[in-house]
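Have a look at the structure below before the remarks.
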Amino acid sequence: MSSSINIKELARSKLKLLPGHRHCPGCAAPIIVKLVLATIDEPVVVVNATGCLQVATTIFPYTSWNVPWIHNAFENAAATASGVEAAFKALRKRGVVGDVGVNVIVFGGDGGTYDIGFQSLSGMVERGHNILYVLYDNEAYMNTGIQRSGGTPYGALTTTSPYGTVIPGKPQHKKPIADIMVAHRAAYVATATPAHWVDLINKVRRALSTIGPKFLHVLSPCPRGWRFDESMSIEICRLAVDTCYFPLWEYGGGVWRLTSRSLEIARNPALKKPVEEFVKVQERFRHAVSDDQRIIKELQAYVDAMWEDLLNRCAVRHS
Amino acid sequence: MRALLGSVKALNGAEAVAYAVKQSNVDVISAYPITPQTIIVERLSEFVANGEIHAEYVNVESEHSALSTCMGAAAAGARTFTATSSQGLALMWELLYVTSGLRLPVVMAVVNRALSAPINIHCDHSDSIGARDSGWIQFYVENSQEAYDTVIQAFKIAEHSDIQLPVMVNLDGFHISHTLENVNILPDQVVSDFVGFRKPANVRVEYLGREVPAVLDGVTPISLGIIALSDYYYEFKMMLVDAIDKVKSVIKEVHNDYLKVSWRGYGDGLIDPYGVDGADIVLVIMGSAAGTVKYVVKKLLESGLRVGVLRLRTFRPFPYEEVVKVLSGVKVIGVMDRATSPGAYGAPLFNELRSALYDLDSRPTVVNFIYGIGGRDLEPLTVKRICEKLLEFGRGVKPASYVEYVGVRR
Numbered sequence: 000m001s002s003s004i005n006i007k008e009l010a011r012s013k014l015k016l017l018p019g020h021r022h023c024p025g026c027a028a029p030i031i032v033k034l035v036l037a038t039i040d041e042p043v044v045v046v047n048a049t050g051c052l053q054v055a056t057t058i059f060p061y062t063s064w065n066v067p068w069i070h071n072a073f074e075n076a077a078a079t080a081s082g083v084e085a086a087f088k089a090l091r092k093r094g095v096v097g098d099v100g101v102n103v104i105v106f107g108g109d110g111g112t113y114d115i116g117f118q119s120l121s122g123m124v125e126r127g128h129n130i131l132y133v134l135y136d137n138e139a140y141m142n143t144g145i146q147r148s149g150g151t152p153y154g155a156l157t158t159t160s161p162y163g164t165v166i167p168g169k170p171q172h173k174k175p176i177a178d179i180m181v182a183h184r185a186a187y188v189a190t191a192t193p194a195h196w197v198d199l200i201n202k203v204r205r206a207l208s209t210i211g212p213k214f215l216h217v218l219s220p221c222p223r224g225w226r227f228d229e230s231m232s233i234e235i236c237r238l239a240v241d242t243c244y245f246p247l248w249e250y251g252g253g254v255w256r257l258t259s260r261s262l263e264i265a266r267n268p269a270l271k272k273p274v275e276e277f278v279k280v281q282e283r284f285r286h287a288v289s290d291d292q293r294i295i296k297e298l299q300a301y302v303d304a305m306w307e308d309l310l311n312r313c314a315v316r317h318s
Numbered sequence: 000m001r002a003l004l005g006s007v008k009a010l011n012g013a014e015a016v017a018y019a020v021k022q023s024n025v026d027v028i029s030a031y032p033i034t035p036q037t038i039i040v041e042r043l044s045e046f047v048a049n050g051e052i053h054a055e056y057v058n059v060e061s062e063h064s065a066l067s068t069c070m071g072a073a074a075a076g077a078r079t080f081t082a083t084s085s086q087g088l089a090l091m092w093e094l095l096y097v098t099s100g101l102r103l104p105v106v107m108a109v110v111n112r113a114l115s116a117p118i119n120i121h122c123d124h125s126d127s128i129g130a131r132d133s134g135w136i137q138f139y140v141e142n143s144q145e146a147y148d149t150v151i152q153a154f155k156i157a158e159h160s161d162i163q164l165p166v167m168v169n170l171d172g173f174h175i176s177h178t179l180e181n182v183n184i185l186p187d188q189v190v191s192d193f194v195g196f197r198k199p200a201n202v203r204v205e206y207l208g209r210e211v212p213a214v215l216d217g218v219t220p221i222s223l224g225i226i227a228l229s230d231y232y233y234e235f236k237m238m239l240v241d242a243i244d245k246v247k248s249v250i251k252e253v254h255n256d257y258l259k260v261s262w263r264g265y266g267d268g269l270i271d272p273y274g275v276d277g278a279d280i281v282l283v284i285m286g287s288a289a290g291t292v293k294y295v296v297k298k299l300l301e302s303g304l305r306v307g308v309l310r311l312r313t314f315r316p317f318p319y320e321e322v323v324k325v326l327s328g329v330k331v332i333g334v335m336d337r338a339t340s341p342g343a344y345g346a347p348l349f350n351e352l353r354s355a356l357y358d359l360d361s362r363p364t365v366v367n368f369i370y371g372i373g374g375r376d377l378e379p380l381t382v383k384r385i386c387e388k389l390l391e392f393g394r395g396v397k398p399a400s401y402v403e404y405v406g407v408r409r
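Residue numbers (numbering that gives the first Met the number 0), protein chains in the order written: chain A, 0 to 318; chain B, 0 to 409.
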């Protein structure tokens, strides 16, 4: 359904997030933002929840944003975006702006999306605003120095889910945020990673061609928080998908589809790697690797169950 | 005599606010219901549902999102309105500071209601008085008519190119919001011409090398809501302080312009004195209870006593120069606060007023009377007794306490 993607053209497109920002080396967030925005034509308004992306890109008197951009607070990016969208509707009614639709894009981290911002996100989707909400999920509160969030995986070490003698890492699994957005009857929901960039761009395109609330859940590896070498961010995305820890899928028009590498794995289950492959390259799981495998087994069982569940949803619709 | 412009409608204060919003070319309304504010959003929903106004109404899931939505809309160039009370205002708290910090001219009606706990739906000013340091302009109105007039003026003040600040129009819960009055309504076109449509102010953007409208227009790359640390934050706050210092003259100007089209005014727009000139004692008050106080004072004046009332229409900016001017020479002043400040020496209006009078060569006796908490009725007899007390202080009796809580069981 999408036209082909030419990497050279993409590289030549207007840079909407400019260099000079203060993200850590190896951070996936700016890669995600550049890929998403390279796919989006103006007029566009970007709304940003408080977090790494916001503070690293707008240290006054500088800004990296080469598009209209607003940050309001931590938990209200979806509500702020709702207001932007409503304003353009009202201004169109009284002829101040033309009929060209504005693309309203939200970037929120896992804290601003799974946790503190969940209520305003739920309201935005329920009301049916025509907004693309992009979650860049680095799986903990990285901006405040690595604290656990609703997006932190089971067993992972953070500064508020430390490896204690009684409680070894985070005791709960990741909240299935994208499933929850499907349950909200969002117009389009998908998962993506910056490693699978063609898939990501296709999903942004499909999102933009859909009217209503859209939710894109993008995995955003964090070298500081996950404790891996900063050259590994893209490779870790591949491992997350290859192990089915983070499957690539999309939902729209009542249909679930696996995409890209995850579709290949579904067709050829031999490609599915054990979750340990993903876990062992990250120091946040070091105790899981050195311990008696209990944490890895629990994580594997969870990943397998979620993958089976996803296969069923996609298969039911495909057959 | 000039014929009355417009029409007279029987409206309660909440309906009067909604009617003013209806006539003021508002683009985006976002609110969440809370007693006693709810009538405002119900009426506005009806206007939108019937296509009587072009505004988008965003039915959000909390007051936090209501203000957030207005902020996003205002940042995109819309004229916006919200309304709340009590707990709703408390939930908006962090964003009150963001709204003024981002210089977004949002207009909000606060139907004053006591804060929990215990939960209470009736009037006091503890909700909005607590927000006094948030950088919002604050009006306190006396009746439904003034609520109507002030909401219309609020849009012009908020959006004035020198100001660009949010405005809170406070009206007393139930006393004003639910009390039916005859309200003079201006013709739609008169209000529309008076407030116009929102025209965002320009801002110079160094990296663009030019002035651009300070709005998210979809094309011009401006960043709103940046991070400024110890090297720049203070300058941003200073700009806010400087902006609110300019508000008093703008309020007077807008009030005067409105007077010309409506033939209605309230003092100079900032303070509304009654019988203050030559008075021995003056009661200072904000909100609907000023009506009760005026009723008592009128009777006392008729009996030959020199008693006055000074109603403050704005608490932010605090009209200290105007207050000092009209109160200099008055020997005894009673300050009526409808909010408590536990642990403080007296309530906020008392403190700010006393501080403003400190530099007078001859300082008056200033006594605080805290009243009406949680909707406790202020009876004319209580006001009369307060006046008698103040007259005694004027005769040289020293107050036993400078902070009194009236109408409370102990």
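Glycine included, every Cβ here is placed at the ideal spot set by N, Cα and C.
Pull the bridge partners of residue i from the DSSP assignment, please.
| i | result |
| --- | --- |
| residue 256/A | 249/A |
| residue 426/B | As shown, chain B starts at 0 and ends at 409. That puts residue 426/B outside it, with no answer to give. |
| residue 68/A | 45/A, 222/B |
| residue 368/B | 335/B, 403/B |
| residue 135/A | 217/A |
| residue 91/B | None, per the DSSP bridge assignment. |
| residue 197/B | Beta-bridge pairing links residue 197/B to no other residue. |
| residue 104/A | 45/A, 131/A |
| residue 79/B | 27/B |
| residue 181/B | 9/B |
| residue 203/B | 210/B |
| residue 138/B | 168/B, 313/B |
| residue 58/A | 226/B |
| residue 111/B | 171/B |
| residue 271/B | 310/B |
For chain B, check one thing: does any of its Cβ atoms lie closer than 8 Å to the Cβ of residue i?
| i | result |
| --- | --- |
| residue 92/A | yes |
| residue 20/A | no |
| residue 184/A | no |
| residue 320/A | Past the edges of chain A, shown from 0 to 318, lies residue 320/A, and the structure says nothing about it. |
| residue 314/A | no |
| residue 88/A | yes |
| residue 67/A | yes |
| residue 254/A | no |
| residue 38/A | no |
Check the Cβ-Cβ distances between residue i and every residue of chain A, and say whether any is below 8 Å.
| i | result |
| --- | --- |
| residue 202/B | no |
| residue 48/B | no |
| residue 332/B | no |
| residue 299/B | no |
| residue 132/B | no |
| residue 0/B | Note that residue 0/B scores 43 on pLDDT, short of 50, meaning its location in the model is unreliable; the coordinates nonetheless yield the value given after this. Closer than 8 Å: no. |
| residue 239/B | no |
By the 10 Å Cβ neighbour count, where 16 or more other Cβ atoms means buried, how is residue i classified, buried or exposed?
| i | result |
| --- | --- |
| residue 142/B | buried |
| residue 109/B | buried |
| residue 57/A | buried |
| residue 318/A | At residue 318/A, the pLDDT of 38 sits below 50, so the modelled position is not reliable; the number obtained from the coordinates is stated separately. The residue in question, residue 318/A, is exposed, as its Cβ has fewer than 16 Cβ neighbours within 10 Å. |
| residue 130/A | buried |
| residue 38/B | buried |
| residue 136/A | buried |
| residue 87/B | buried |
| residue 328/A | Examination of residue 328/A is not possible in this model, given that chain A is present from 0 through 318 alone. |
| residue 102/A | buried |
| residue 316/A | Summary for residue 316/A: the model assigns pLDDT 41, below 50, so the residue's position carries little reliability, and this model does not support an answer. |
### Query
Of all the residues that make up the stretch 56-74 of chain B, which are near chain A by a beta-carbon distance shorter than 9 Å?
56, 57, 58, 59, 60, 61, 63, 64, 65, 66, 67, 68, 69, 70, 71, 72, 73, 74
### Query
Counting Cβ pairs, one atom from each stretch, are 3 or more of them under 8 Å apart for the stretch 3-22 of chain B and the stretch 65-73 of chain B?
Segments in contact, no.
### At least 3 beta-carbon pairs within less than 8 Å: the stretch 62-81 of chain A vs the stretch 41-53 of chain A
The stretch 62-81 of chain A vs the stretch 41-53 of chain A: in contact.
### Segment contact flag, the stretch 216-229 of chain A with the stretch 24-31 of chain A, C-beta cutoff 8 Å, min 3 pairs
yes
### Task
Examine the Cβ distances between the stretch 116-128 of chain A and the stretch 79-88 of chain A and report whether three or more of them are shorter than 8 Å.
yes
### Query
Does the stretch 129-138 of chain B come close enough to the stretch 95-109 of chain B to have 3 or more Cβ pairs within less than 8 Å?
yes
#### Entry: Under 9 Å (Cβ pairs) to chain A, residues found in the stretch 200-233 of chain B
From the stretch 200-233 of chain B, only 205, 206, 214, 215, 216, 217, 218, 219, 220, 221, 222, 223, 224, 225, 226, 227, 228, 230, 231, 232 have a Cβ closer than 9 Å to chain A.
### Task
Pull out every residue of the stretch 82-116 of chain B whose Cβ sits closer than 7 Å to any Cβ of chain A, in chain order.
The residues in question are 93, 94, 97.
### Query
Below 8 Å, can you find three or more Cβ-Cβ pairs linking the stretch 146-154 of chain A to the stretch 180-196 of chain A?
no
### Message
Using 8 Å as the cut-off, can you tell me whether the stretch 321-341 of chain B makes contact with the stretch 354-365 of chain B, which would need three or more C-beta pairs spanning the two stretches below that distance?
### Response
yes
### Proximal residues, the stretch 117-136 of chain A versus chain B, C-beta separation under 8 Å
118, 119, 121, 122, 125, 126
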